[in-house]
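Under the working numbering, read the sequence shown as residues 37 to 123, first letter to last. Even for Gly, the Cβ is constructed at its ideal location relative to N, Cα and C. To start, the structure itself, in structure tokens.
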Amino acid sequence: MKVELWSSSFCGACASTRAVIEQAQWLVAGVTLSERNVALAPDAAELARIEATPTVIFSSDDGTEVFRSAGVPTIHQVLAGLALAAG
């Protein structure tokens, strides 16, 4: 299961989102987290259709996007996204 966090440099909500995802990593084995900064990768952000930060994209192991969340998710939303990614 892959979790991609799109953030920006001075985004307090992004830090909160990172903390929620890290909490979920303690509860669910096999979660890979990557973080990308929209300012450092604007072309990739546009290609990924990132319209706000934070945005979290949940993907299955084969890279298929299964769920997307903009804003700070709750732990329940993250766990639901991970369940979808697990298939």
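Close-in-space but distant-in-sequence residues of the same chain around residue i (CB under 7 angstroms, 5 per side omitted)
| i | result |
| --- | --- |
| T89 | W42, S43, S44, C47, C50 and V74 |
Candidates the options, of which the one nearest residue i by Cα
| i | options | result |
| --- | --- | --- |
| V102 | L115, T110 and I111 | L115 |
| E71 | A60, R85, T91 and E82 | T91 |
| L63 | I111, D97, I86 and L76 | I111 |
| L69 | A77, A60 and R85 | A60 |
Cα-Cα separation, residue i to residue j
| i | j | result |
| --- | --- | --- |
| G99 | V67 | 13 angstroms |
| M37 | S96 | 5 angstroms |
| P109 | R54 | 10 angstroms |
| E87 | L120 | 22 angstroms |
| G123 | I93 | 15 angstroms |
| D79 | V39 | 19 angstroms |
Residues near residue i by beta carbon distance below 6 angstroms, same chain, minus five either side
| i | result |
| --- | --- |
| G107 | none |
Range of the contiguous beta strand (DSSP E) that encloses residue i
| i | result |
| --- | --- |
| T68 | T68 to N73 |
N- and C-terminal bounds of the alpha helix (DSSP H) containing residue i
| i | result |
| --- | --- |
| A106 | No alpha helix (DSSP H) contains A106, which is instead part of the beta strand (DSSP E) from E101 to A106. |
| L118 | I111 to A122 |
| L63 | G48 to L63 |
| L83 | P78 to L83 |
Cutoff 8 angstroms; reference residue i; Cβ partners in own chain excluding five residues on either side
| i | result |
| --- | --- |
| G113 | Note that residue 113 is Gln in the sequence shown, not Gly. Taken in chain order, the residues that qualify are S105. |
Residue i: CB within 6 angstroms of a non-hydrogen atom of the ligand NAD
| i | result |
| --- | --- |
| V114 | The model depicted lacks the ligand NAD and carries no ligand whatsoever. |
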